[in-house]
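S.K.:
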Amino acid sequence: MDLNSIYQCVITGERDRIEGLIQSALSAGCKPDDIINNTLIKGMDEVGQKMKDGDLFVPEVLMSANTMKTGLELLKPLIEGEERESVGKIAIGTVAGDLHDIGKNLVVMMLEGAGFEVIDLGVDVEVERFVQVIEEEKPDIIGLSALLTTTMKTMGETVQAIGGKTKTMIGGAPVTEEFAKEIGANGYAPDAVTAVDLAKSLIS
Ligand code: B12
Numbered sequence: 658m659d660l661n662s663i664y665q666c667v668i669t670g671e672r673d674r675i676e677g678l679i680q681s682a683l684s685a686g687c688k689p690d691d692i693i694n695n696t697l698i699k700g701m702d703e704v705g706q707k708m709k710d711g712d713l714f715v716p717e718v719l720m721s722a723n724t725m726k727t728g729l730e731l732l733k734p735l736i737e738g739e740e741r742e743s744v745g746k747i748a749i750g751t752v753a754g755d756l757h758d759i760g761k762n763l764v765v766m767m768l769e770g771a772g773f774e775v776i777d778l779g780v781d782v783e784v785e786r787f788v789q790v791i792e793e794e795k796p797d798i799i800g801l802s803a804l805l806t807t808t809m810k811t812m813g814e815t816v817q818a819i820g821g822k823t824k825t826m827i828g829g830a831p832v833t834e835e836f837a838k839e840i841g842a843n844g845y846a847p848d849a850v851t852a853v854d855l856a857k858s859l860i861s
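Add 657 to a position in the sequence shown, counting from 1, and you land on the number used in this note's numbering.
#1: Quick test of your reading: D755 and D781, contact by CB under 8 Å. State the CB separation rounded to the nearest angstrom.
#2: How big is the Cα-Cα spacing for D659 and L768?
#3: With DSSP as the reference, identify every bridge partner of L801, one or two as the case may be.
#4: With H, G and I counted as helix, E and B as strand and the rest as coil, what does DSSP make of D781?
#5: Cutting at 8 Å between CB atoms, please list the residues of its own chain near I749, excluding the five before and the five after it.
#6: Which residue's Cα is closest to the Cα of K733: E814, D702, V704, G772?
#7: Between the alpha carbons of L643 and G686, how many angstroms are there, rounded?
#8: Smallest Cα separation from I663: which of T806, L729, G821?
#9: Can you find the residues in the same chain that come closer than 7 Å, C-beta to C-beta, to L678, ignoring five residues on each side of it along the sequence?
#10: Smallest Cα separation from T870: which of G745, L713, T823, M809?
#11: Can you tell me where the alpha helix (DSSP H) with L713 in it begins and where it stops?
#12: Apart from the five residues just before and just after E703, which ones in its own chain have a Cβ nearer than 7 Å to its Cβ?
#13: Is the separation between the beta-carbon of T815 and that of V784 shorter than 9 Å?
#14: Please report how far the alpha carbon of D713 lies from the alpha carbon of M701, in whole angstroms.
#15: Measuring CA to CA, which of K699, P689, D758 is closest to L735?
#16: Could you tell me if the beta carbon of D758 falls within a distance shorter than 8 Å of some heavy atom in the ligand B12?
#17: If you reduce the DSSP assignment to three classes, tell me which class E671 lands in.
#18: In chain order, what residues of the same chain lie with their CB nearer than 8 Å to the CB of F787, ignoring the 5 residues before and after it?
#19: Taking C-alpha atoms, which residue in I827, V744, A849 lies nearest to G841?
#20: Please return the same chain residues whose Cβ sits closer than 8 Å to the Cβ of K709, not counting the five positions on each side in sequence.
#21: Let me check one thing: in DSSP terms, what residues is Y845 bridge-paired to?
#22: Could you check what DSSP says for V765 in three-state terms: helix, strand or coil?
Below you can see the structure in the form of C-alpha cells.
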C-alpha cells in the first residue's frame, strides 16, 4: 500500500477518496498513528506551506482540511485505545461580536493534527465564557480569533479579563504582532501552520 496516495489526496482535497484509501492502508497493515503522522499531518503541512506561498487559496485549503478531518475521524477511534499523549490542551474561540470562523477552524484542525487536545468554543464567544473555561478545563493556552477591527477591541478586553491565568495566543487577518504586545497577549501567529509552532513554544 502506497501511503503517498493518502498524502496526495489530502493535498488535492479529494474527500470522497480518503476513506477508501485509508481502509486499504489499514487492511495492508499500516498503523493508524503512522497514517496520521506521515500522510494526514504531512499533507496538511504541505497545504499550509502552499497557502503561505500563494499557490493555494481558501476554498482549496478548506477542501484539504475537510479531507484531513474525514481521515482523522476514521482513525481516531482506532488510536483512542492506544496511549496517545496529548501535547497540550487549548481552548479557542472567535471573540464576542465576531462570526468569522474559517481561519479559526483551520487553526483548530492543524492543532488537532499536531496532537493538541482542542476545545473549540465556536464564534461570538463572550469574555466570561473564556474565563469560565479556564476554571473548568484548565487549558494550557487560550486562543482568540478576530476578523473585524471592531472586535479587536473585544480581544483586548478578553486578554485583560484572563489576566495571565493562562497563556494567550491571538490571530485573525487584522491582528498583528504589535497589537499582541499592546494588549499583553503571549503570542501572535499569522497563519495556522505558525499557530502550531507558537502553541508548542508557549507550552515548552
Ligand atoms: C468569509 C468572510 C465573511 C463570512 C464569514 C463566514 C465564516 N463562517 O467565517 C461572512 C459572509 C459571514 C462575513 C460576514 C461579515 N464580514 Co466578513 N469577511 C470574510 C472574508 C472574505 C474572508 C475571511 C476568511 O475566512 N479568510 C480566510 C481565513 C483562512 O483567513 P483568516 O481568517 O485570516 O485566518 C488565518 C489567520 O488569520 C490565522 N488565524 C485566524 N484566527 C486565528 C486564531 C489564532 C489563535 C491564531 C494563532 C491564528 C489565527 O490563521 C488562519 C489560517 O491561516 C474577509 C476578507 C479577508 N480577506 O479577510 C471579510 C472581512 C473580514 N469581513 C468584513 C466585514 C465588514 C463583515 C461584515 C461586518 C459584513 C456585513 N456588513 O455584514 C460581517 C460581520 C459578521 C460578524 N459579526 O462577524 C471585513 C472586515 C473589515 C474590518 N476592517 O473590520 C472584511 C475584511 C472584508 C472587507 N474587506 O471589508 N464575512
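From the three backbone atoms N, C-alpha and C, an ideal C-beta is built for every residue, glycine too.
M.R.: For this structure:
#1: 7 Å
#2: 26 Å
#3: G750, I827
#4: Reduced to three states, the DSSP call for D781 is strand.
#5: Apart from the 5 residues on each side of it in sequence, I749 sits with its Cβ closer than 8 Å to the Cβ of K761, V764, V765, L768, V775, I776, D777, L778, I799, G800, L801, S802 in its chain, given in chain order.
#6: G772
#7: Look at the range of the chain in this structure, 658 to 861, and you will see that residue 643 is not part of it.
#8: L729
#9: S662, I663, C666
#10: Because the chain spans 658 through 861 in this model, residue 870 falls outside it and cannot be assessed.
#11: It is not in any alpha helix (DSSP H) - L713 carries neither H nor E in the DSSP assignment.
#12: I668
#13: yes
#14: The sequence given here places Leu at residue 713; Asp does not occur at that position. Their Cα atoms are separated by approximately 12 Å.
#15: P689
#16: yes
#17: When DSSP states are grouped into helix, strand and coil, E671 belongs to the coil group.
#18: A748, G750, L778, I799, L801, T815, A818, I819
#19: I827
#20: For K709, where only same-chain residues beyond five positions count, the Cβ hits under 8 Å are D848, V850.
#21: I827
#22: Under the three-state reduction of DSSP, V765 is assigned to helix.
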